[in-house]
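Inspection log for the structure reproduced underneath, given as structure tokens.
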Amino acid sequence: MSDLTQTVTQYLALWNETDAEKRAAGIAELFAPDAPYIDPLAAVEGHEGFAAVVAGAQDQFKGLSFELHGAVDTHHNIARFQWGLVTEAGAEPIAIGFDVLVTGEDGRISGVYGFLDKVPGA
Numbered sequence: 001m002s003d004l005t006q007t008v009t010q011y012l013a014l015w016n017e018t019d020a021e022k023r024a025a026g027i028a029e030l031f032a033p034d035a036p037y038i039d040p041l042a043a044v045e046g047h048e049g050f051a052a053v054v055a056g057a058q059d060q061f062k063g064l065s066f067e068l069h070g071a072v073d074t075h076h077n078i079a080r081f082q083w084g085l086v087t088e089a090g091a092e093p094i095a096i097g098f099d100v101l102v103t104g105e106d107g108r109i110s111g112v113y114g115f116l117d118k119v120p121g122a
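When we follow UniProt numbering, the leftmost residue of the sequence shown carries the number 1, and every step to the right adds one.
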């Protein structure tokens, strides 16, 4: 497993972490302090901004979890990957997205840029 694949795995785990203190500690470890997170529904910077987006998603989609769909494609300090929002492991996703994650020289996430391929009710 490449370092970037491990970073993606940790990133998705943050979306599934329901304990706010553990999630905040994970974000502080994994993200650069001013890293942007940008997708069609949010554009935030920094640890608190990303934490608020995750908390909002967890509130909106209680009991669901994010999982990696397919392989992580990487080169240099960039990873792209597809994820699904599922009711249980391996279930048909109710939402599917595609994220591009960039890391800095220290290996921490310096930006995440997301796209939504399938949204609930669409």
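Glycine included, every Cβ here is placed at the ideal spot set by N, Cα and C.
Measuring C-alpha to C-alpha distances from Thr18 to each of Val102, Ala79, Gly56 identifies Gly56 as the nearest. Linking Pro93 to Val86 through their CA atoms gives a straight-line distance of about 5 Å.
By the 16-neighbour rule on beta-carbons within 10 angstroms, Ile78 is exposed. One alpha carbon belongs to Glu29, the other to His47, and they sit about 10 Å apart.
If you ignore the 5 residues before and after Leu116, its C-beta comes within less than 6 Å of the C-beta of Pro40, Gly97, all in its own chain and listed in chain order. Restricting attention to Tyr11, Ala89, Tyr113, Ile27, the CA atom closest to the CA of Gly63 is found in Ala89. Distance from the CA of Ala42 to the CA of Glu21, rounded to the nearest whole angstrom, comes to 22 Å. A Cβ-Cβ separation of about 14 Å leaves Leu68 out of contact with Val112 under the 8 Å criterion. In this structure, Phe31 places its C-beta atom within 8 Å of the C-beta atom of Phe50.
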